[in-house]
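Heads up, the sequence shown is in the working numbering, so the first residue is 80 and it goes up one at a time. Even for Gly, the Cβ is constructed at its ideal location relative to N, Cα and C. Beneath this line is the structure, given in structure tokens, with notes to follow.
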Amino acid sequence: YSGEVLVSHTWADIGILMKARLWAMAFHQGEFGLWNWYLMIFVATGLLFLSVSAILSYFFRKQPKTIGVPKVPDNLSPSIILIIIMVMLGILLPLFGLSVAILFLLSKLKQKIYFQTW
């Protein structure tokens, strides 16, 4: 290799998608100086506000001495499509599948304990 430049592209040569990608990378890396810092502080403050307001909204709206989740009707059963989607997601995302399996087993265990006390 001689070290000579084989191809040279200018900003005018690249397309709009590559320009957007380069702009997003520069923004992500914080290369816009103080403007970038102010924008990130604004976004972080907004996300913090949304998180805190969601928690407060939950505690203000839920009924006392409950976890705030509505009771599921006894005759409600999941559709076969929903079950297939959950199984597929459980295969694609193993930790999701593990958490769904744990929740399912805990639900069945709770039902078994509940019915044994009656």
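For G125, the secondary structure class from DSSP, reduced to helix, strand or coil, is helix. Each residue's CA atom was taken as its position, placing M165 and S81 some 57 Å apart. Within the region 114 to 178, the complete alpha helix (DSSP H) segments at least 4 residues long are 159 to 171, listed from N- to C-terminus. Inter-residue distance for K187 and M167 is about 22 Å (C-alpha atoms, whole angstroms).
For L182, the secondary structure class from DSSP, reduced to helix, strand or coil, is helix. When rounded, the separation of the alpha-carbon atoms in N115 and L185 is 47 Å.
Take I95, set aside five residues on each side of it, and no residue of its chain has a beta-carbon closer than 6 Å to its own. Assignment of Q108 by DSSP, reduced to helix, strand and coil, places it in the coil class. A103 is positioned such that its CB atom lies no closer than 8 Å to that of F111.
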